[in-house]
Amino acid sequence: MAEKYDRKKLALSATAARLYYEDDLGQSEIAQHLGISRPTVSRLLKLARESGIVRIEICNPFIGTEDLSEQLSTEFKKKIMVVPNNFNGELTAVKGVGAYAAQYLSDLIKPHDIVGLGWGRTIHMVTSNFKKRTVPDVKIVQLKGGDNINSKETYANESVTDLANALGASAHFLPLPPFFDDKLTKEIVEQDRFIRDTLKLGRKANIAMYSVGTVRKDALLFQLGYFSKTQKAALQQDAVGDIVSRFIDHNGKIVDPKLNEKTVGIGLNDLKKKQHSILVASGILKAPVVYAVIKAGYANEFILDQAIAQELLTYK
Numbered sequence: 004m005a006e007k008y009d010r011k012k013l014a015l016s017a018t019a020a021r022l023y024y025e026d027d028l029g030q031s032e033i034a035q036h037l038g039i040s041r042p043t044v045s046r047l048l049k050l051a052r053e054s055g056i057v058r059i060e061i062c063n064p065f066i067g068t069e070d071l072s073e074q075l076s077t078e079f080k081k082k083i084m085v086v087p088n089n090f091n092g093e094l095t096a097v098k099g100v101g102a103y104a105a106q107y108l109s110d111l112i113k114p115h116d117i118v119g120l121g122w123g124r125t126i127h128m129v130t131s132n133f134k135k136r137t138v139p140d141v142k143i144v145q146l147k148g149g150d151n152i153n154s155k156e157t158y159a160n161e162s163v164t165d166l167a168n169a170l171g172a173s174a175h176f177l178p179l180p181p182f183f184d185d186k187l188t189k190e191i192v193e194q195d196r197f198i199r200d201t202l203k204l205g206r207k208a209n210i211a212m213y214s215v216g217t218v219r220k221d222a223l224l225f226q227l228g229y230f231s232k233t234q235k236a237a238l239q240q241d242a243v244g245d246i247v248s249r250f251i252d253h254n255g256k257i258v259d260p261k262l263n264e265k266t267v268g269i270g271l272n273d274l275k276k277k278q279h280s281i282l283v284a285s286g287i288l289k290a291p292v293v294y295a296v297i298k299a300g301y302a303n304e305f306i307l308d309q310a311i312a313q314e315l316l317t318y319k
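Sequential numbering from 4 applies to the sequence shown in the numbering used here.
Next up, the structure:
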């Protein structure tokens, strides 16, 4: 059906559709991202539906998720929770996953807990859905550097602030970039007492909640201005994605040890030691890196959308 449409317009339509349906960007955000008008975005999304690039399937959101959760949990020997489509009335998978994870985290937190947070849009969906409930002596700590040299929003500070305010907890930030240019600079900065204490608190956290990233061209870490084209190409060739800004292959192994030494934040082995190491993810393109995390054992609890869950069945 797509043959009768202009190829250049179809390609732009596919990009707009992916940003809208997979990345959950609004039409105004897409317009800014692509350098076009908002009405043009609306027309491109309509074209995506008409040309067959986007196919809408309506299904019962409550069929199969419990069975799917049980099947995956048994298969991979992890606690895997599959979130129904349109959970809690949300219109997109990432918002449903965020709402579910917020409820799960709220039920989990008890007095004196230390909660470590990653950052990004998925985690921001969690913290922005969190309902207020005061819990005594809780600390919220940022697990990885999130300041960036571009204007891209990581939601690092917002997520920690939102959760701390909702719980009446103390907030502990890591005001550093995700990566330094060299290992020595990073080590010097980490000697600062404030930074050292924050990193130590992240390692002590008994609960950690974070997401994963892909190695697509528009992956958030690739847009922050830290990597050259050559570095991006190498990561795209060797890695399936990142977890807490550390790029891993399909077995969960670090793909660039030198880059890993310059990465700011919690280490992957520290994630393994958490009482609750919780990975939250939405979008089928994240399935390979989610599977790598499962294989390596970095997380022991997973909150996933149905698309990822169904894809994981093919990895058995």
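Where is the CB? At the ideal position from N, CA and C, for every residue including glycine.
Tell me residue i's beta-bridge partners as DSSP assigns them.
i    : result
E304 : K82, I281
M212 : L120, I281
D245 : G216, F250
G2   : The structure shown has nothing for residue 2, since the chain only spans 4 to 319.
I257 : I251
If you draw a straight line from the alpha carbon of residue i to that of residue j, how long is it in whole angstroms?
i    : j    : result
D185 : G55  : 47 Å
S45  : Q30  : 7 Å
N88  : L71  : 13 Å
K11  : V296 : 37 Å
L28  : K98  : 11 Å
P42  : H36  : 14 Å
R136 : D9   : 53 Å
E69  : F197 : 44 Å
A14  : L48  : 12 Å
E156 : Y23  : 17 Å
I143 : M128 : 16 Å
F90  : L187 : 46 Å
Q74  : L227 : 38 Å
V57  : D26  : 14 Å
A237 : Q145 : 28 Å
D221 : R124 : 14 Å
G270 : S40  : 42 Å
G216 : D245 : 5 Å
L315 : F250 : 20 Å
T130 : F225 : 24 Å
D241 : T233 : 12 Å
K265 : S248 : 11 Å
V292 : L50  : 31 Å
Y158 : Q194 : 25 Å
K81  : Q278 : 13 Å
A105 : K235 : 33 Å
V141 : S173 : 7 Å
I257 : K298 : 13 Å
K261 : S231 : 15 Å
I210 : R52  : 41 Å
L94  : D200 : 40 Å
T263 : Q239 : One detail in the question is off: residue 263 reads as Asn in this sequence, not Thr. The alpha-carbon atoms of N263 and Q239 are separated by roughly 16 Å.
Mapping DSSP to helix, strand and coil, what is residue i?
i    : result
A222 : coil
L37  : helix
S231 : coil
L316 : helix
H115 : coil
V57  : coil
T130 : helix
K98  : helix
D273 : helix
L262 : helix
G67  : coil
E93  : coil
D9   : coil
P87  : coil
G29  : coil
G205 : helix
Less than 8 Å between the CB atoms is what I'm expecting for residue i and residue j, so what's the real figure, rounded?
i    : j    : result
V138 : I112 : 6 Å
F305 : L282 : 5 Å
V243 : V218 : 7 Å
L177 : G268 : 7 Å
A96  : S285 : 5 Å
P180 : K147 : About 10 Å; that fails the 8 Å criterion.
G101 : N132 : 5 Å
D85  : A290 : Inspection of the sequence shows that residue 85 is occupied by Val rather than by Asp. That belief does not hold up - the Cβ atoms of V85 and A290 are roughly 13 Å apart, past 8 Å.
K134 : A169 : 7 Å
M212 : I126 : 7 Å
At the 9 Å Cβ level, is residue i part of the contact set with chain D, yes or no?
i   : result
K82 : No chain D appears in the structure shown, which is made up of a single protein chain.
Cβ-heavy atom distance between residue i and the ligand COA below 8 Å?
i    : result
N168 : The ligand content of the structure shown is nil, which means the ligand COA is not present either.
Start-end ranges of the beta strand (DSSP E) lying completely within the segment 132-202, minimum 3 residues: 142-145, 173-175
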